[in-house]
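K.L.:
So the sequence lines, in the order shown, correspond to chains A and B. The opening residue of the first sequence carries number 1 in my numbering; numbering runs sequentially from there. The opening residue of the second sequence carries number 1 in my numbering; numbering runs sequentially from there. All residues carry an ideal CB built from backbone N, CA and C; glycine is no exception. Values in this document were obtained by computation on a predicted structure and should not be read as measured data. Below you'll find the structure I mean.
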Amino acid sequence: MKVEEKIALDAIKNDRESHIKLDQKICGTCPERMCIPVCPGHLYSLNEETGDMVVEYAGCLECGSCKIACIYKSIDWDYPADGYGVQYRYG
Amino acid sequence: MTAAYHLATAGRQVILLERGDAPGSKNVTGGRIYVDPIKDYLPGLIAEAPFERHVVKEIITVLDDDASVQLEYANDGWRSEPYMSYTVLRATFDSWLAEKVSEKGAFVIPKKKVDDLLWEEDRVVGIKAGDEEIGAHIVIAADGALSFMAEKAGLRKPLEPRNYAVAIKEIYRLDEKTIDDRFGLQPGEGAANLFVGAITRGMFGGGFLYTNRDTLSLGIVVGIDDLSRQKNPVAASQLMEEFSARPEVQRWIRGGELKEYAAHIISEAGAGGIPKLYTGGMLIAGDAAGFSLNLGLTVRGMEFAVASGAIAAGVTNEALTKGDLSATFLSRYEQQLKESFVLSDMETFRHTRDVLENKRLFTVYPKFLSELLVALFTIGPGKKEPLYASAKAAARKYILNWEGCKDMLSMRKM
């Protein structure tokens with residue numbers, strides 16, 4: 001099963017605004033792009049046309065791995081606003 | 001929540017702020033809790049807690065790329081009360097505990113994310129949540145492994161990749177009877193299965209499986225630093241997918257319906273990762289204080305959370321009685337944690353991490369076991385080597401060398 005399909009099983013309520021903001025200036029010079037393999041939701045990708053890093057915040061599982069992995073501090077990450085984000089029914 | 005429970009019991013006015021829709025809705029556990037260490041910290045509550053199954057069987061699976069060795073340890077003593085450990089799901093457990101907290105008179109307020117701390121000179125005097133400011137004599141930050149509040153209070157430095165692992169967990173629905181039969185359990189009994197070897201592709205980590213009442217918790221844990229530094233990066237989600245496809249896992253989850261996909265970070269730093277635990281008007285407890293301990297075969301966290309919460313409540317209650325909310329008075333929290341199993345166990349196993357970080361544990365040793373057994377079991381067309389010669393050859397190739405010697409010596413740190 002694809003990871004997108006797995007995340008689709010979760011109870012997630014998405015805010016209109018992203019709780020994850022990237023500094024494209026930093027991302028543009030990043031040689032490793034460690035956010036891509038680290039994120040359990042596989043939500044980070046590189047837009048080949050624009051060269052920008054993209055994060056699909058809507059599937060965020062709120063673990064914070066990306067924020068820890070990004071040693072260049074490009075990731076401005078906060079918990080989603082009240083009432084939003086993932087709600088684990090098993091946990 | 002344990003802190004809120006005790007303070008409310010002591011008649012203090014307690015507000016418990018929860019950022020999720022309900023307590024537990026933002027929490028993830030692997031899933032198992034050891035109850036002996038905490039029964040005195042949640043007096044009378046453990047007996048009625050909504051745990052899943054009591055664990056009577058420990059299974060360890062060591063995996064090579066296409067082979068595996070499995071060891072099963074069952075103990076009849078674990079089949080009768082008092083049980084040593086239980087599997088648990090946090091959504092269920094936390095909402096139950098939150099009920100108990102409310103019954104004691106604390107205000108449990110969900111959907112309230114704490115954004116910042118309020119200060120008066122060098123003392124914390126409350127929190128900020130959105131536009132709202134809530135004053136408090138003492139703030140107990142139990143805001144999880146990422147603890148933004150501990151960072152804002154200047155108690156800990158930004159989190160480092162080498163100190164953390166990411167855990168992914170999948171929940172599979174299976175009926176109770178199928179779980180009993182598949183794992184060889186009586187009703188109510190549970191099993192725990194740890195996995196180590198090829199599944200993490202040489203990176204720090206491993207897999208786990210716990211039997212819940214009518215679900216299975218299946219997961220993988222991988223060091224964030226190792227994931228970041230891969231030469232040919234494989235995504236954590238891909239490792240999880242490959243892990244769940246292994247026949248050693250399929251035999252357990254076959255026919256199960258995937259219900260949830262969760263992730264969480266775990267502190268792997270042990271005692272070395274514990275920040276300063278208090279400042280004027282504030283204490284930190286549980287994961288926020290880095291209280292988690294990986295001993296390879298056992299992984300603990302929730303016991304430390306419950307105990308540290310109870311101890312924080314005790315010190316807070318004393319501080320309120322004395323009217324002394326200073327950092328000097330609150331340093332008793334650290335002292336009492338040292339006298340309890342929390343900081344004592346963390347200290348005893350301070351150097352275990354050095355042993356578990358050894359990459360050979362995830363590569364060389366699983367390969368050695370696998371090659372040793374294939375040599376012993378295989379009957380080929382020609383003459384068979386004496387068993388001792390086969391064993392020696394496998395040992396020479398993998399472990400009878402200087403590195404193996406060093407590994408043996410390093411075990412003394414465990």
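1. At a Cβ threshold of 8 Å, is B:Ile15 touching chain A?
2. Taking only beta carbons into account, state which residues of the region 242-261 of chain B come closer than 7 Å to chain A, listed in chain order.
3. Would a check of beta-carbon distances place A:His42 closer than 8 Å to chain B?
4. If we define contact as Cβ-Cβ less than 8 Å, is A:Cys27 a contact residue for chain B?
5. I need the straight-line Cα distance from A:Asp76 to B:Ala235, nearest angstrom please.
6. Which residue comes first and which comes last in the beta strand (DSSP E) that contains B:Asp116?
7. Quick one: grab the DSSP three-state call for B:Ile284.
8. If we ignore side chains and look at the alpha-carbon of each, how far apart do A:Gly64 and B:Ala10 end up?
9. Mapping the DSSP letters down to three states, classify A:Ser74 as helix, strand or coil.
10. So B:Gly404 is in the alpha helix (DSSP H); what residue range does that whole segment cover?
11. Is there a C-beta anywhere in chain B that falls below 8 Å from the one on A:Tyr72?
12. If the criterion is Cβ atoms closer than 8 Å, does the pair B:Ala394 and B:Ala375 meet it?
13. Quick check: does the Cβ of B:Pro247 come within less than 7 Å of any heavy atom belonging to the ligand MG?
14. What are the uninterrupted segments assigned as alpha helix (DSSP H) that are 4 or more residues long and contained completely in the region 56-103 of chain B, given in chain order?
15. How many angstroms separate the CA atom of B:Thr378 from the CA atom of B:Glu357?
16. What does the alpha-carbon distance come out to for the pair B:Asp122 and B:Lys359?
17. Roughly how many angstroms lie between the CA atoms of B:Thr200 and B:Ile284, to the nearest whole one?
18. When the distance is taken between beta carbons, is B:Arg182 closer than 8 Å to B:Lys113?
19. If we cut at 8 Å on Cβ distances, does B:Leu146 have a partner in chain A?
20. If we require 4 or more residues per run, which alpha helix (DSSP H) segments fall completely within the region 103-158 of chain B?
21. Which whole-angstrom value describes the C-beta separation of B:Arg79 and B:Val55, a residue pair presumed to lie in contact below a C-beta threshold of 8 Å?
22. For chain B, find out if any of its Cβ atoms is closer than 8 Å to the Cβ of A:Ala69; answer yes or no.
23. Return the CA-CA distance between B:Thr2 and B:Val125, expressed in angstroms with no decimal places.
24. Closest Cβ-Cβ distance between B:His264 and chain A: below 8 Å?
25. Taking only the alpha-carbon atoms, compute the straight-line gap between B:Asp143 and B:Glu303 and give it to the nearest angstrom.
26. Do you know offhand how far B:Gly211's Cα is from B:Pro37's?
27. B:Val222 to B:Leu216, Cα distance in whole Å?
28. Hey, B:Ile127 and B:Ile134 are a contact pair by Cβ (cut 8 Å); roughly how many whole angstroms apart?
29. Could you tell me the boundaries of the alpha helix (DSSP H) in which B:Met240 lies?
30. Listed in chain order, which residues of the region 50-62 of chain B have Cβ atoms closer than 7 Å to some Cβ of chain A?
31. Taking the Cβ atom as the reference point for each residue, do A:Ile12 and A:Gly51 lie within a distance shorter than 8 Å?
32. Do B:Ile138 and B:Gly281 count as a contact pair if the criterion is CB distance below 8 Å?
33. Using a C-beta cutoff of 8 Å, does A:Ser65 count as contacting chain B?
34. Alpha carbon to alpha carbon, what distance is there between B:Cys405 and B:Asp287?
35. Less than 8 Å between CB atoms is the rule here; does B:Arg182 satisfy it with respect to chain A?
36. Any C-beta of chain A within less than 7 Å: which residues of the region 204-237 of chain B qualify?
P.N.:
Put simply:
1. False, the Cβ-Cβ gap to chain A never drops below 8 Å.
2. Residues Leu258, Lys259, Glu260, Tyr261.
3. Yes, contact with chain B.
4. The Cβ of A:Cys27 sits no closer than 8 Å to any Cβ of chain B.
5. If you draw a straight line from the Cα of A:Asp76 to the Cα of B:Ala235, it is about 21 Å long.
6. It spans 116-120 - the beta strand (DSSP E) in which B:Asp116 sits, taken as one unbroken run.
7. Strand at B:Ile284.
8. A:Gly64 and B:Ala10 have their C-alpha atoms roughly 35 Å apart.
9. A:Ser74 carries a coil assignment under DSSP once its states are collapsed to helix, strand and coil.
10. Looking at the DSSP string, the run of the alpha helix (DSSP H) that includes B:Gly404 is 402-410.
11. The beta carbon of A:Tyr72 sits no closer than 8 Å to any beta carbon of chain B.
12. For the 8 Å CB-CB criterion, B:Ala394 and B:Ala375 form a contact.
13. You won't find the ligand MG in this model; it holds no ligand whatsoever.
14. Within the region 56-103 of chain B, the runs of alpha helix (DSSP H) at least 4 residues long that lie entirely inside it are, in chain order, 90-103.
15. In a straight line, the C-alpha of B:Thr378 is about 33 Å away from that of B:Glu357.
16. Straight through space, the alpha carbons of B:Lys359 and B:Asp122 are spaced by roughly 44 Å.
17. Taking the straight line joining both Cα atoms gives about 33 Å.
18. No, these two residues do not count as a Cβ contact at 8 Å.
19. At a cut-off of 8 Å between C-beta atoms, B:Leu146 counts as an interface residue with respect to chain A.
20. Within the region 103-158 of chain B, the alpha helix (DSSP H) runs of at least 4 residues that lie entirely inside it are, in chain order, 148-152.
21. Actually they do not touch by this definition, with Cβ atoms about 10 Å apart.
22. A Cβ of chain B is located within less than 8 Å of the beta carbon of A:Ala69.
23. The straight-line gap from Cα to Cα measures roughly 21 Å.
24. So yes, B:His264 belongs to the interface.
25. A direct Cα-to-Cα measurement between B:Asp143 and B:Glu303 gives close to 16 Å.
26. For the sequence presented, residue 211 of chain B should be read as Thr rather than Gly. So the two alpha carbons sit approximately 22 Å from each other.
27. Whole-angstrom Cα-Cα distance: 20 Å.
28. Their Cβ separation, rounded to whole angstroms, is 6 Å, which keeps B:Ile127 and B:Ile134 in contact under 8 Å.
29. Segment 236-245, the alpha helix (DSSP H) holding B:Met240.
30. With the criterion set as a beta carbon lying under 7 Å from some beta carbon of chain A, the region 50-62 of chain B has no members that meet it.
31. Between A:Ile12 and A:Gly51, the gap from beta carbon to beta carbon reaches 8 Å or more.
32. One thing to note: B:Gly281 has its Cβ within 8 Å of the Cβ of B:Ile138.
33. Yes, A:Ser65 lies at the interface with chain B (some Cβ there is under 8 Å from its Cβ).
34. Those two C-alpha atoms are separated by around 36 Å.
35. No, B:Arg182 does not count as interfacial toward chain A.
36. Per Cβ criterion, the list reads Thr215, Ile224, Leu227, Ser228, Gln230, Pro233, Val234, Ala235, Ala236, Ser237.
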